[in-house]
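To keep things clear, I will list the structure first and then write my remarks on it.
Number of protein chains: 2
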Amino acid sequence: MTAKSVELLWGSAERPSRGPKPGMSVEQIVAAAIRIADAEGLGAVSMQRVAGEFGFTTMSLYRYVPGKSELVDLMIDTAVGEPPDLSAIPGGWRPKLAEWARLTWVVFQRHPWFLAEATQRIMGPNQLGFLETAVAALGQCGLTGEEIMASVLMVNGYVRSLAPFSGELAGASNEWGNAVGALIRQHADRFPALNAAIAEGAFGLSEFDDFEFGLQRVLDGLEVYIERGSARR
Amino acid sequence: MTAKSVELLWGSAERPSRGPKPGMSVEQIVAAAIRIADAEGLGAVSMQRVAGEFGFTTMSLYRYVPGKSELVDLMIDTAVGEPPDLSAIPGGWRPKLAEWARLTWVVFQRHPWFLAEATQRIMGPNQLGFLETAVAALGQCGLTGEEIMASVLMVNGYVRSLAPFSGELAGASNEWGNAVGALIRQHADRFPALNAAIAEGAFGLSEFDDFEFGLQRVLDGLEVYIERGSARR
DNA sequence: ACAATTTGGTGTATGTTATACACAGATAGG
DNA sequence: CCTATCTGTGTATAACATACACCAAATTGT
Chain S
4 MTAKSVELLW
14 GSAERPSRGP
24 KPGMSVEQIV
34 AAAIRIADAE
44 GLGAVSMQRV
54 AGEFGFTTMS
64 LYRYVPGKSE
74 LVDLMIDTAV
84 GEPPDLSAIP
94 GGWRPKLAEW
104 ARLTWVVFQR
114 HPWFLAEATQ
124 RIMGPNQLGF
134 LETAVAALGQ
144 CGLTGEEIMA
154 SVLMVNGYVR
164 SLAPFSGELA
174 GASNEWGNAV
184 GALIRQHADR
194 FPALNAAIAE
204 GAFGLSEFDD
214 FEFGLQRVLD
224 GLEVYIERGS
234 ARR
Chain Z
4 MTAKSVELLW
14 GSAERPSRGP
24 KPGMSVEQIV
34 AAAIRIADAE
44 GLGAVSMQRV
54 AGEFGFTTMS
64 LYRYVPGKSE
74 LVDLMIDTAV
84 GEPPDLSAIP
94 GGWRPKLAEW
104 ARLTWVVFQR
114 HPWFLAEATQ
124 RIMGPNQLGF
134 LETAVAALGQ
144 CGLTGEEIMA
154 SVLMVNGYVR
164 SLAPFSGELA
174 GASNEWGNAV
184 GALIRQHADR
194 FPALNAAIAE
204 GAFGLSEFDD
214 FEFGLQRVLD
224 GLEVYIERGS
234 ARR
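The following block contains the structure:
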């Protein structure tokens with residue numbers, strides 16, 4: 004399953020000359036699947052549903068994609084999109100990496116289904132490209148390869164992990180936050196610290212930007228380490 | 004579906020007096036489901052499979068649990084386990100929060116299926132208890148409730164996001180890492196920074212502890228902020 | 001032009017899910 | 001005793017991925 008994904012993601016497909024003209028294309032199929040996932044979640048993406056989007060039958064999809072797993076692989080890399088060029092951003096690694104984190108954030112905002120599926124899968128050119136830009140941003144800091152990779156993993160991990168809460172914490176409805184808040188208040192004796200935090204504004208709907216706060220903390224931590232390193236030399 | 008989960012997780016179930024004696028219990032069912040998920044992944048947990056573990060039919064499970072979604076809710080909170088008591092750890096918030104992160108890490112190591120499902124679900128007593136201990140550790144630092152919550156979210160997010168890679172990066176097989184490494188080397192021209200990082204040891208199997216490295220960076224970042232705040236006062 | 005080859009789309013079948021529903025047997029309270 | 005209540009079962013349904021055989025279309029070589 005992975006092998007075919009690699010070919011689809013990284014290889015160049017040659018249009019066969021014989022046979023009837025195809026009624027769809029892999030690109031169209033992937034785009035339609037992403038459209039469905041964006042609107043109704045990954046659960047709404049079934050082979051039948053995607054094929055139906057073109058007026059074809061379920062099985063017709065298998066002429067373009069070996070299976071659903073591979074389709075999701077393609078969806079992910081396409082949803083990531085063209086990796087950015089951070090080289091024009093001045094000020095060293097920090098603003099570059101911050102911008103990189105924010106761009107990653109935007110991807111997660113646009114494609115919420117992404118997070119449930121994007122770990123430990125085969126990486127496509129776009130996804131690897133994103134990784135490349137971050138690693139490049141840290142190239143001149145005196146870190147070892149291992150440290151660079153761990154740092155990027157840390158920043159990406161932070162962004163990734165916060166994304167599911169973003170719409171909720173900042174948004175209007177905040178159904179999940181309200182449910183949790185109600186539970187905490189209902190069991191105030193068991194969770195005193197949580198209650199105190201709530202009384203002070205946590206889980207609220209203020210202007211506080213959870214994402215930027217945490218991002219700056221993470222980058223501060225990296226900065227401390229980098230500066231300590233260059234002081235050593 | 005969520006309402007029933009709240010009752011199961013937070014309510015006290017009273018044994019009805021009439022009718023036959025139940026052949027299973029919710030606790031046994033949840034334990035069996037966790038055992039299966041630990042060994043073969045969440046995908047192996049089907050109602051049939053869990054019921055079969057007791058020699059009963061699929062439908063018998065529905066006498067104990069309203070549906071699979073609720074079963075997973077219960078699995079998660081049970082897998083989290085009793086929240087720790089960090090109050091005896093000396094040295095202020097930092098070692099407490101570090102220990103908290105490591106304990107969370109252990110949970111993810113023991114129950115790898117956890118990560119795919121634990122976001123945005125209803126929180127059980129154990130899960131909220133874990134949250135409570137972390138919030139309590141940051142209670143005396145002069146942070147606002149919003150800042151505390153964002154900080155805990157940041158640390159937890161970091162741990163959570165790194166967990167899927169742990170077995171791979173540190174382990175012996177590292178199938179995923181090898182596949183990615185091969186792709187990067189194969190397209191060296193497109194990913195120069197990544198190649199340089201690999202040449203310097205990234206994606207390798209050294210002693211480098213990705214988890215502790217990132218954790219210390221994250222905590223450093225928090226420390227900078229906390230100290231800056233107390234200097235202001 | 002014609003036959004062979006290759007390919008796209010369809011219809012049908014299989015196996016796996018979760019879960020609704022009706023029923024049979026067990027159990028305890030009145 | 002007998003009736004309400006509860007447990008476990010059997011059957012049915014609907015959604016899902018996907019294997020396979022088939023027909024029709026389009027191009028290539030003769």
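Protein sequence lines correspond, in order, to chains S and Z.
If you want my numbering, it's the position in the first sequence, counting the first as 1, plus 3.
If you want my numbering, it's the position in the second sequence, counting the first as 1, plus 3.
For glycine and all other residues, C-beta sits at the position ideal for the given N, C-alpha and C.
Next on the checklist: Check whether chain S comes within 7 Å of Z/Asp213, counting only Cβ atoms and requiring the distance to be less than that.
Outcome noted: yes
Next on the checklist: I need the straight-line Cα distance from S/Phe133 to S/Leu77, nearest angstrom please.
Outcome noted: 16 Å
Checklist entry - Can you tell me whether S/Glu85 is buried or exposed, with buried defined as 16 or more other CB within 10 angstroms of its CB? => result exposed
Next on the checklist: Is it buried or exposed, Z/Ser233, if we count other Cβ atoms within 10 angstroms and call 16 or more buried?
Outcome noted: exposed
Next on the checklist: Less than 7 Å between the beta carbons of S/Leu131 and S/Ala166, yes or no?
Outcome noted: no
Next on the checklist: Between S/Met50 and chain Z, is the shortest Cβ-Cβ distance under 7 Å, so that the two count as touching?
Outcome noted: no
Next on the checklist: Taking the beta carbon of S/Ala36 as the centre, do at least 16 other beta carbons fall within 10 Å, making it buried, or is it exposed?
Outcome noted: buried
Next on the checklist: Check whether chain S comes within 7 Å of Z/Arg38, counting only Cβ atoms and requiring the distance to be less than that.
Outcome noted: no
Item to check | Between the CA atoms of S/Ser90 and S/Gly142 - distance to the nearest angstrom | outcome: 12 Å
Next on the checklist: Which of the three DSSP states is assigned to S/Gln51 in this structure?
Outcome noted: helix
Checklist entry - CA-CA distance, Z/Gly204 and Z/Pro128? => result 42 Å
Checklist entry - Of the choices Z/Ser63, Z/Val68 and Z/Pro115, whose alpha-carbon is the least far from that of Z/Ala82? => result Z/Pro115
Checklist entry - If we count the other Cβ atoms within 10 Å of its Cβ and call it buried at 16 or more, is Z/Met62 buried or exposed? => result exposed
Item to check | Proximal chain Z residues relative to S/Gln112, where beta-carbon distance stays under 7 Å | outcome: Chain Z residues near S/Gln112: none, gap ~15 Å exceeds 7 Å.
Item to check | Under 7 Å by beta carbon: chain S residues contacting Z/Glu135 | outcome: Phe194, Ala196 and Leu197
Item to check | Runs of alpha helix (DSSP H) wholly within the segment 11-57 of chain Z (minimum 4 residues, chain order) | outcome: 29-43 and 50-55
Next on the checklist: Using a 10 Å radius around the Cβ and a threshold of 16 neighbouring Cβ atoms, would you call Z/Ser28 buried or exposed?
Outcome noted: exposed
Checklist entry - Is S/Val53 near the ligand SAM, going by C-beta to nearest heavy atom under 6 Å? => result For the structure depicted, the ligand SAM is absent and the ligand set is empty, with no information on it obtainable.
Checklist entry - Hey, how far is the Cα of S/Tyr67 from the Cα of Z/Trp103? => result 48 Å
Next on the checklist: On the criterion of 16 or more Cβ atoms from any shown chain inside 10 Å, does Z/Thr60 qualify as buried, or is it exposed?
Outcome noted: exposed
Item to check | Presumed contact (8 Å Cβ cut-off) between Z/Gln112 and Z/Ser169, rounded CB distance | outcome: 7 Å
Item to check | Own chain partners of S/Thr122 with C-beta closer than 6 Å, once the 5 adjacent residues on each side are dropped | outcome: none
Item to check | Nearest neighbour of S/Glu241, chosen from Z/Glu149, Z/Trp96, Z/Gly184 and Z/Val110 [CA to CA] | outcome: Since the displayed chain S opens at 4 and closes at 236, residue 241 of chain S lies outside it and no answer follows.
Checklist entry - So S/Gly184 is in the alpha helix (DSSP H); what residue range does that whole segment cover? => result Glu178 to Gln189
Checklist entry - Where does the unbroken alpha helix (DSSP H) through Z/Ile92 begin, and where does it stop? => result Looking at the DSSP string, Z/Ile92 is not in any alpha helix (DSSP H), and its letter there is neither H nor E.
Checklist entry - If you count every other CB in all the chains shown that lies within 10 Å of the CB of Z/Tyr161, and 16 or more means buried, which is it? => result buried
Next on the checklist: Helix, strand or coil for S/Ile229? Go by DSSP, reduced to three states.
Outcome noted: helix
Checklist entry - Hey, quick one: how far does the alpha helix (DSSP H) through Z/Ser209 stretch, first residue to last? => result That residue, Z/Ser209, is in no alpha helix (DSSP H); it is neither H nor E in DSSP.
Checklist entry - If you run the structure through DSSP and keep just helix, strand and coil, what is S/Arg220? => result helix
Checklist entry - Looking only at its own chain, which residues have a Cβ that is under 8 Å from the Cβ of S/Arg188, when we skip the five neighbours before and after it? => result Asn198 and Ile201
Item to check | C-alpha gap between Z/Glu171 and S/Ala153, whole angstroms | outcome: Bear in mind that the predicted position of Z/Glu171 carries a pLDDT of just 49, short of 50, making it unreliable; the figure below should be weighed with that in mind. Z/Glu171 and S/Ala153: Cα-Cα distance of roughly 14 Å.
Next on the checklist: Once the 5 residues before and after S/Leu64 are set aside, which same chain residues still bring their CB inside 7 Å of it?
Outcome noted: Ile32, Met50, Val53 and Ala54
Checklist entry - Does S/Phe117 come within less than 7 Å of chain Z when only Cβ atoms are used? => result no
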